[in-house]
Amino acid sequence: MASLIVRRRMARVIAALAVCALPATARGQYPAPALERPLAEAGAGDLAEGKRLYNAQCALCHGIDGGGGYGPSLLRPTFARAADDAGLFTLVRTGIPGVMPGFGDANGPRRSWQLAAFVRSMTRAGGATPPGDVAHGRVVYQARGCANCHVLGGDGRAFGPDLTAIGLQRGPAYLRQALVEPAARVPDGHVVVTARAKTGPAIRGVRLSEDAFWVHVRDAGGRLHALRVSELAEFRREAGASLMPAYGTLAAADLDDLVAYLSTLRGQR
Amino acid sequence: MRRLVTTAAMVSVLAGAGLSGQVPYQRLVDAAKTPGDWLTYNGGYFGHRHSTLDQITAANVSGLAPAWIYQVQGNGQMETSAVVANGIMYVTEPPTTVTALDPKNGRPIWSYVRPMPANLRLIGFPATNRGVAILDDKVFVGSLDGALIALDAQTGAVRWETRVADNGTGHSVTMAPLAVKDKVIVGISGGEAGIRGFVDAYDAKTGKLAWRTYTVPAAGEPGHETWAGESWKNGAGATWLTGSYDPALNLLYWGTGNPGPDWNGDVRKGDNLYTSSVLALDADTGKMTWHFQYTPHDVHDWDANQIQVLADLTVAGKPRKALITANRNAFYYVLDRVTGEFLHAAPYAKQTWARGIDPKGRPRVIEGTEPTPEGNLVYPSLQGSTNWPSPSYSPQTGLFYVPVREMGSYYYKTDVEYEAGQPFTGGGERRLADEAWGAVRALDATTGKQVWDFRLPSPSWSGVLSTAGGLVFSGSNEGNFYALDAKTGAPLWQFQVGGMVRSNPTTFLVDGRQHVSVAAGRAVFVFALPVK
Numbered sequence: 001m002a003s004l005i006v007r008r009r010m011a012r013v014i015a016a017l018a019v020c021a022l023p024a025t026a027r028g029q030y031p032a033p034a035l036e037r038p039l040a041e042a043g044a045g046d047l048a049e050g051k052r053l054y055n056a057q058c059a060l061c062h063g064i065d066g067g068g069g070y071g072p073s074l075l076r077p078t079f080a081r082a083a084d085d086a087g088l089f090t091l092v093r094t095g096i097p098g099v100m101p102g103f104g105d106a107n108g109p110r111r112s113w114q115l116a117a118f119v120r121s122m123t124r125a126g127g128a129t130p131p132g133d134v135a136h137g138r139v140v141y142q143a144r145g146c147a148n149c150h151v152l153g154g155d156g157r158a159f160g161p162d163l164t165a166i167g168l169q170r171g172p173a174y175l176r177q178a179l180v181e182p183a184a185r186v187p188d189g190h191v192v193v194t195a196r197a198k199t200g201p202a203i204r205g206v207r208l209s210e211d212a213f214w215v216h217v218r219d220a221g222g223r224l225h226a227l228r229v230s231e232l233a234e235f236r237r238e239a240g241a242s243l244m245p246a247y248g249t250l251a252a253a254d255l256d257d258l259v260a261y262l263s264t265l266r267g268q269r
Numbered sequence: 001m002r003r004l005v006t007t008a009a010m011v012s013v014l015a016g017a018g019l020s021g022q023v024p025y026q027r028l029v030d031a032a033k034t035p036g037d038w039l040t041y042n043g044g045y046f047g048h049r050h051s052t053l054d055q056i057t058a059a060n061v062s063g064l065a066p067a068w069i070y071q072v073q074g075n076g077q078m079e080t081s082a083v084v085a086n087g088i089m090y091v092t093e094p095p096t097t098v099t100a101l102d103p104k105n106g107r108p109i110w111s112y113v114r115p116m117p118a119n120l121r122l123i124g125f126p127a128t129n130r131g132v133a134i135l136d137d138k139v140f141v142g143s144l145d146g147a148l149i150a151l152d153a154q155t156g157a158v159r160w161e162t163r164v165a166d167n168g169t170g171h172s173v174t175m176a177p178l179a180v181k182d183k184v185i186v187g188i189s190g191g192e193a194g195i196r197g198f199v200d201a202y203d204a205k206t207g208k209l210a211w212r213t214y215t216v217p218a219a220g221e222p223g224h225e226t227w228a229g230e231s232w233k234n235g236a237g238a239t240w241l242t243g244s245y246d247p248a249l250n251l252l253y254w255g256t257g258n259p260g261p262d263w264n265g266d267v268r269k270g271d272n273l274y275t276s277s278v279l280a281l282d283a284d285t286g287k288m289t290w291h292f293q294y295t296p297h298d299v300h301d302w303d304a305n306q307i308q309v310l311a312d313l314t315v316a317g318k319p320r321k322a323l324i325t326a327n328r329n330a331f332y333y334v335l336d337r338v339t340g341e342f343l344h345a346a347p348y349a350k351q352t353w354a355r356g357i358d359p360k361g362r363p364r365v366i367e368g369t370e371p372t373p374e375g376n377l378v379y380p381s382l383q384g385s386t387n388w389p390s391p392s393y394s395p396q397t398g399l400f401y402v403p404v405r406e407m408g409s410y411y412y413k414t415d416v417e418y419e420a421g422q423p424f425t426g427g428g429e430r431r432l433a434d435e436a437w438g439a440v441r442a443l444d445a446t447t448g449k450q451v452w453d454f455r456l457p458s459p460s461w462s463g464v465l466s467t468a469g470g471l472v473f474s475g476s477n478e479g480n481f482y483a484l485d486a487k488t489g490a491p492l493w494q495f496q497v498g499g500m501v502r503s504n505p506t507t508f509l510v511d512g513r514q515h516v517s518v519a520a521g522r523a524v525f526v527f528a529l530p531v532k
């Protein structure tokens, strides 16, 4: 009974915290501004100022390159707490109560927008619409068998990342490099490992999970291997390796078309 | 009102089990004599995090199983170290909540929940709290908004509350206070916000400030000359972890943090005393008896707040009252804790910044290892070769068990100007996370030489507990909580808790049976051997 009352009290406090958090945006010296321009419209000057602010206010926890530290990595295609540009703009201003400080008071709306634009640019470098024939890019996608490893709109084999909304998540420069030189752009959760048990053949594949006692690997054939660390003779994380074939041999026009096509993928199923 | 009545009824039942509500100072001095309780952050004033309990052993640990799990609510990280006294377990939860649990079954007895202001400033650390101190009939907790609160140990009622420092300028209390004699000793966080660090002592009965010792000397004070210009004013030297205490010498040993700004040393030329140091302070007056600076003019954020462990060792054939610590800068140090004399240092993890430590204890810094605008690769990373999670020292094995972080970083330097309540860091890092790894490493406590190594997939954030049962307990970022053979490091038992282990294990008796606790994810886990 006591615990129930304690729980109720805690729930009330948590609710009160949540309520307190809402006026935080309206509390300061600035009105809560709406996002008036898409972050992709930021110019070089805006991004430079955003980078300066990032280094001063964000790099401590998120790493100077956005790769993480105390805080999570920002080099991910989507943010759990900022679904879109407006969400990211709000997040850098208000922070997350009890988790992340907000800098809206110090920065004001313009600099907050520049900061949000810089954060967005870290994952989506090269925001301009790429050249290329979108319809033909789709043909290349199908002809080259991309669906053998990638899901798009619910179809395909789920070995590599889902591409359904890749055009929102990654910029054309990233996509081009990921096609030509996949090992340079290994996404989170796709680290390649080689494991060899004391008895048995070597297994090479994507590491699904690893702790001090167990490793789970999915090989290129899609088979799941659960391996006991104590029974491994060898275990290697292959830094900078990818199981995706490099598509540098594509004709230049085909590559342009494929990048253009991928850039149009915005999550429609 | 109903809550009060119910709480009182439960307390009377617990008290009826023959338990007194008092933890007098002498019990803290003699903590090792009552291993059934866990009375201070590290289990005793010497900071050993070692227990003489020996019911759980290498032979039976494979049967260890969860006794109960307590789940918390709210945001932030669980970094609490459970204190157990007189049949009550005290844990803290983010942001600043203290919960008293019945260690028999994990049921809450009372909870103190401190509401946080909407504009709470956390600059350089997560929303967390590492635990309480207990003395007489009160438990003490520091708050993220910069206060120290005394609670009735039986009911959770607020007995007094005092302001330690202003959170608007980036001050917070995240550490577990240390109760000594009639005082509560508190350190401060804010080393990334350009604060001026200090150690405070408050009267345990009233909350009145008894003394304050700043870690950065003002004009006219010794050491002031080690700061260029006015840089001392924002010189940091935060004191964000619990210190140790030697009752016979009446000295507190407190680690201090990085100088501010962290990575741009150009604006604070000089050694920057007393940052990245250990201070020996008179517990009655706060007067500094001696100091030792591990990393003069630190430019990598290598705080020296790690636990300063007090051990009586024979060093070079001579018995010494020693102070031993694994520093964030990758070196293991042995000092004389009476005089502060440097005795020995040795690297215990990969480092690329120093050629070694000279006979006076000063590092021989390698040229060109400071942060640059383009980034400069140095080992260890800015979180250091170890960090706040406690090591353990076992007088039984003579080994020092340290959670290790093997990682390098590109260090960057940027321009920076102090602005109150804003980050004051002057740079950052790009971590080499892909090739990083971690370990629990056993070092010979006298020489710092590695005896064994238990490898982890990533740099550790879990403290270590050793027991007279010949075991070492620790955790991993991947959710393993495990027991190793204290002599060999061989893994003997593990349990997957399903969340990151980012806390310090403790051990105690419940109804005469040994239990082990650890916080992980958003829960507190307590393990015991099955009842026969």
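Taken in order, these protein sequences are the chains called A and B.
Going by the working numbering, the first residue of the first sequence is number 1, and it counts up by one from there.
Going by the working numbering, the first residue of the second sequence is number 1, and it counts up by one from there.
Just so you know, even glycine gets a beta-carbon here, dropped at the ideal spot from N, CA and C.
Under the DSSP definition of a beta bridge, which residues are partnered with Arg236 of chain A?
A:Thr194
Measure from the C-beta of Gly124 of chain B to each C-beta in chain A and report whether the shortest distance is under 7 Å.
yes
Between which two residues does the beta strand (DSSP E) harbouring Phe495 of chain B extend?
Pro491 to Gln496
Am I right that Phe195 of chain A and Phe235 of chain A are in contact with their C-beta atoms under 8 Å? What's the rounded C-beta distance?
As written in the sequence, residue 195 of chain A is Ala, which differs from the Phe given in the question. With 8 Å as the limit, Ala195 of chain A and Phe235 of chain A qualify as a contact, their Cβ atoms being about 5 Å apart.
Could you confirm whether any beta carbon from chain A is found closer than 7 Å to the beta carbon of Glu478 of chain B?
yes
Residue nearest to Thr164 of chain A in terms of C-alpha spacing, selected from A:Ala48, A:Leu53 and A:Leu265:
A:Leu265
Check for me: the alpha helix (DSSP H) holding Phe89 of chain A runs from which residue to which?
Asp85 to Thr94
How long is the line joining the alpha carbons of Val23 of chain B and Val191 of chain A, rounded to whole angstroms?
52 Å
For Ile185 of chain B, name the three-state secondary structure that DSSP assigns.
strand
Comparing the C-beta of Glu192 of chain B with each C-beta of chain A, is any distance below 7 Å?
yes
Hey, how far is the Cα of Gly156 of chain B from the Cα of Ile149 of chain B?
11 Å
According to DSSP, what are the bridge partners of Ala93 of chain B?
Per the sequence shown, residue 93 of chain B should be read as Glu rather than Ala. BP columns for Glu93 of chain B point to B:Thr97.
With 7 Å as the threshold, decide whether the Cβ of Leu39 of chain B is near any Cβ in chain A.
no
Using 10 angstroms around the beta-carbon of Arg9 of chain A, count the other beta-carbons present and answer buried if the total reaches 16, otherwise exposed.
Low confidence applies to Arg9 of chain A: its pLDDT is 46, below 50, so where it sits in the model is not reliable, and the reading given next is rough at best. Under this definition Arg9 of chain A is an exposed residue.
Starting from Arg52 of chain A and walking both ways along the alpha helix (DSSP H), at which residues does that stretch end?
Ala44 to Gln57
Which of the three DSSP states, helix, strand or coil, is assigned to Lys104 of chain B?
coil
What would DSSP say about Glu289 of chain B, mapped onto helix, strand or coil?
It should be noted that the sequence gives Thr, not Glu, for residue 289 of chain B. DSSP places Thr289 of chain B in strand when its eight states are reduced to three.
Which residues of chain B have a Cβ atom closer than 8 Å to the Cβ of Asn55 of chain A, listed in chain order?
Tyr412, Thr414, Gly427 and Gly428
When we look at the beta-carbon of Ile366 of chain B and count the other beta-carbons within 10 Å, is it buried (16 or more) or exposed?
exposed
Could you name the residues of chain B that Tyr70 of chain A contacts, counting a contact when the two beta carbons are closer than 9 Å?
Gly124, Phe125, Pro126 and Gln383
Residues of chain B with CB under 8 Å from Gly63 of chain A, in chain order?
Gly428, Glu429, Arg430 and Arg431
Residue closest to Ala201 of chain B, alpha-carbon to alpha-carbon, out of B:Gly170, B:Ala32 and B:Gly243:
B:Gly243
Using a beta-carbon distance below 7 Å, is Ala212 of chain A in contact with chain B?
yes
Closer than 8 Å is the cut-off here; do at least three beta carbon pairs connect the region 459–478 of chain B with the region 281–299 of chain B?
no
Which partner residues of Pro319 of chain B appear in the DSSP bridge assignment?
B:Thr314
Is the beta carbon of Gly87 of chain A less than 7 Å from the beta carbon of Gly95 of chain A?
no
Compute the distance between the beta-carbons of Arg237 of chain A and Val206 of chain A, then report whether it is under 7 Å.
no
Taking the alpha-carbon positions, what's the Pro373 of chain B to Tyr412 of chain B distance?
5 Å
Run of the alpha helix (DSSP H) containing Val223 of chain B, from where it starts to where it stops:
It is worth fixing the name first, because residue 223 of chain B is Gly in this sequence and not Val. From DSSP, Gly223 of chain B is part of no alpha helix (DSSP H); its letter is neither H nor E.
Reduced DSSP category for Ser121 of chain A - H, G, I as helix; E, B as strand; rest coil
helix
For Leu60 of chain A, would you say it is in contact with chain B, using Cβ-to-Cβ distances shorter than 7 Å as the test?
yes
Below 7 Å on C-beta distance, what does Gly67 of chain A contact in chain B?
Arg430, Arg431 and Ala433
Near-chain B residues of the region 100–112 of chain A (beta-carbon distance less than 7 Å), N- to C-terminal order:
Pro101 and Ala106
Interface positions of the region 103–118 of chain B facing chain A (Cβ-Cβ less than 8 Å), listed along the chain
Arg107, Pro108, Ile109, Trp110, Ser111, Val113, Pro115, Met116, Pro117 and Ala118
If I measure Cβ to Cβ from Asp254 of chain A and keep anything under 7 Å in the same chain, skipping five residues before and after, which residues do I get?
Val140
Taking one C-beta from the region 469–478 of chain B and one from the region 416–436 of chain B each time, how about it: are there three or more such pairs within less than 8 Å?
no
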